[in-house]
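Residue numbers (my numbering): 102 to 626.
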């Protein structure tokens with residue numbers, strides 16, 4: 102037979118209480134019997150024990166006890182109910198009047214010799230994340246009994262309370278949650294990750310610092326905000342997402358790198374690129390030099406800069422779908438830990454990690470996109486005859502000399518005729534042919550680009566070990582024929598909790614990229 106102890110609480114009802122030995126002084130109107138019993142316990146110091154079912158759905162009463170004895174108060178209070186009472190060792194035991202199963206002489210209440218004023222029901226439960234990961238050292242607080250405890254390594258906990266009590270559960274990095282007890286066991290409480298994590302903590306690459314303690318200027322953006330703009334490079338994803346970060350495209354060709362500046366240009370002669378850090382590891386530029394530095398090797402600066410454009414940046418190998426969040430450290434206070442390399446700012450990238458799950462979680466994401474091919478219909482251009490008429494008028498007005506004529510079109514034929522390399526009849530025949538050519542050069546030089554990307558990832562693990570792996574394919578076509586990029590990116594990471602204070606992580610990532618492009622095109626070649 103399960104018994105409960107009525108806790109010592111002062112409820113908000115009008116009552117004048119005065120303790121004097123075992124006498125009771127209570128005045129109250131329209132209150133529950135439980136409330137009066139708790140006030141009796143408060144005044145006399147006696148513990149009150151009763152079966153849970155006996156106290157459910159009790160009626161309200163109005164009492165006026167003026168320094169009467171404890172026995173008289175209990176008899177008056179319980180009159181008209183199915184309850185009776187017995188007092189033993191400063192403990193008031195309530196039971197049903199016809200309950201013959203309870204025998205006080207059998208010693209079944211021997212544990213009440215020195216009872217403590219606590220709830221007698223042990224409330225058992227488990228605290229877990231939304232993904233089913235047990236949360237160790239979660240805080241559980243019973244708002245009714247004012248008692249608290251913490252969860253064990255497997256997330257389980259035991260706390261004293263009663264059915265109907267409200268448990269307040271909290272854990273660092275998760276949203277606190279109230280839970281109403283409806284059973285003495287199987288109280289599974291799942292907490293959701295707090296969205297404010299990125300705002301309250303700032304990742305510096307070496308540690309996570311609470312934002313109020315961070316003296317430097319920082320900005321953070323989450324992965325879901327980066328992947329919504331339909332761009333293909335990480336630099337383009339950051340454009341317009343972080344204050345103080347400027348992204349400029351050096352070329353309209355697919356596969357060319359973008360210029361990133363944090364708070365503008367800090368130097369006119371030195372390196373202007375920010376420092377990229379992925380999972381705490383500094384990333385070096387594949388070609389860490391400027392085109393002008395190649396002059397001493399008799400290299401053409403424009404050719405070298407074009408090559409540098411297509412080789413990519415320090416993070417070209419990273420799969421955008423693997424990004425968890427991006428943080429930018431802007432001023433000297435926030436970038437000091439990286440030294441002189443961080444003079445132009447630091448961009449920190451944290452990648453995704455495995456999560457504890459009963460079964461591996463497989464995710465797929467893909468996209469298809471296309472663009473409108475440039476056409477003559479989009480531009481107000483001359484046809485071939487109109488172009489010949491313009492060239493003829495330029496020559497007749499004396500606006501161009503022979504030495505400055507082009508070698509193609511009407512100017513090319515006229516130049517050959519003036520140099521006696523072409524007869525007059527051949528010249529006229531060539532001009533008439535030019536007037537009807539009307540070649541659709543846009544159709545020859547441009548194409549309808551179709552871009553596609555596919556990414557698949559798998560994550561999982563147990564209480565101590567987690568893993569995450571991904572593989573992505575990105576195929577882009579430029580609007581100009583002969584321009585495109587195809588890349589393959591893969592990564593796998595593994596995390597193991599050796600002890601509560603020791604965590605070991607390993608990650609392997611690789612990529613293969615093939616880019617086709619050109620620096621410029623000579624239409625007369």
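We put the beta carbon where it would ideally sit given N, CA and C, even for glycine.
Please read all numbers here as calculations on a predicted model, not as lab measurements.
For residue 602, three-class secondary structure by DSSP: coil
message: Since residue 486 and residue 536 should fall inside the 8 Å C-beta cutoff, what is the C-beta to C-beta distance between them, to a whole number of angstroms?
response: 4 Å
query: Nearest-angstrom Cα distance between residue 558 and residue 355?
result: If you take the alpha carbons of residue 558 and residue 355, they lie about 26 Å apart.
query: Can you pull the DSSP bridge partners for residue 573?
result: 556, 590
Element boundaries [beta strand (DSSP E), containing residue 540]: From DSSP, residue 540 is part of no beta strand (DSSP E); its letter is neither H nor E.
task: Note down the Cα distance separating residue 325 from residue 423, rounded to an integer number of angstroms.
output: 11 Å
- prompt: Looking only at DSSP bridge pairs, what is residue 241 linked to?
  reply: 250, 270, per the DSSP bridge assignment.
message: Would you call the region 440-453 in contact with the region 487-497, where contact means no fewer than 3 C-beta pairs closer than 8 Å?
response: no
field: Neighbour-count burial assignment, residue 491, 16 or more Cβ in a 10 Å radius
entry: exposed
Residue(s) in a DSSP beta bridge with residue 547: The secondary-structure analysis by DSSP pairs residue 547 across a beta bridge with 581.
query: According to the neighbour-count rule (16 or more other Cβ atoms, all chains shown, within 10 Å of its Cβ), is residue 184 buried or exposed?
result: buried
- request: Taking the CB atoms as reference points, tell me whether residue 617 and residue 573 lie closer together than 8 Å.
  value: no
task: Output the distance between the C-alpha atoms of residue 541 and residue 519, rounded to the nearest integer angstrom.
output: 30 Å
message: Assuming contact is defined by CB atoms lying nearer than 8 Å, are residue 259 and residue 223 in contact in what I supplied?
response: yes
field: Minimum C-alpha distance to residue 168 - residue among 182, 142, 180, 128
entry: 128
field: Backbone CA spacing between residue 414 and residue 336 [nearest angstrom]
entry: Our two residues, residue 414 and residue 336, have alpha carbons roughly 9 Å apart in a direct line.
query: Is the number of C-beta pairs between the region 525-533 and the region 548-555 that are closer than 8 Å three or more?
result: At 8 Å Cβ cutoff, the stretches do not touch.
message: Just to confirm my understanding: we take residue 550, look at its own chain, exclude 5 residues before and 5 after, and list those with CB closer than 7 Å. What are they?
response: 471, 472, 578, 579, 580
- prompt: What do you reckon, are the CB atoms on residue 144 and residue 132 nearer than 8 Å?
  reply: no
- request: Please say whether residue 431 and residue 363 have beta carbons closer to each other than 8 Å?
  value: yes
message: Ignoring anything shorter than 4 residues, give me the alpha helix (DSSP H) runs that lie fully in the region 501-540, in order along the chain.
response: 510-519, 525-538
- prompt: Apart from the five residues on each side of it in sequence, which residues of its chain come closer than 8 Å, Cβ to Cβ, to residue 282?
  reply: 224, 262, 263, 264, 265, 266, 267, 268, 288
field: Residue of 568, 615, 613 minimising C-alpha distance to residue 594
entry: 568
query: In the structure shown, what three-state DSSP assignment does residue 136 receive?
result: helix
- request: Measuring alpha carbon to alpha carbon, tell me which of 531, 462, 319 ends up nearest residue 437.
  value: 319
task: May I ask you to report which of helix, strand or coil DSSP gives residue 441?
output: helix
query: Under the DSSP definition of a beta bridge, which residues are partnered with residue 359?
result: 350, per the DSSP bridge assignment.
field: Local Cβ density within 10 Å of residue 140, reported as buried at 16 or more and exposed below that
entry: buried
- request: Drop a sphere of 10 angstroms on the beta-carbon of residue 538, count the other beta-carbons inside from all chains shown, and report buried for 16 or more, exposed for fewer.
  value: exposed
task: Assign residue 612 to one of three DSSP states: helix, strand, or coil.
output: strand
query: Where residue 272 and residue 476 are concerned, what is the direct C-alpha to C-alpha distance, given to the nearest angstrom?
result: Taking the straight line from one Cα to the other gives about 60 Å.
task: Counting only the same chain and skipping the five closest in sequence on each side, list residues whose C-beta sits under 7 Å from that of residue 123.
output: 145, 170, 171
- prompt: So what's residue 150 in DSSP terms, helix, strand or just coil?
  reply: Residue 150 falls in the strand class under three-state DSSP.
message: Between which residues of its own chain and residue 615 is the CB-CB distance below 8 Å, once the five residues before and five after are set aside?
response: 586, 587, 588
field: Option nearest residue 227 by Cα separation, candidates 253, 249, 247
entry: 253
query: When DSSP builds the beta bridges, which residues end up paired with residue 280?
result: 268
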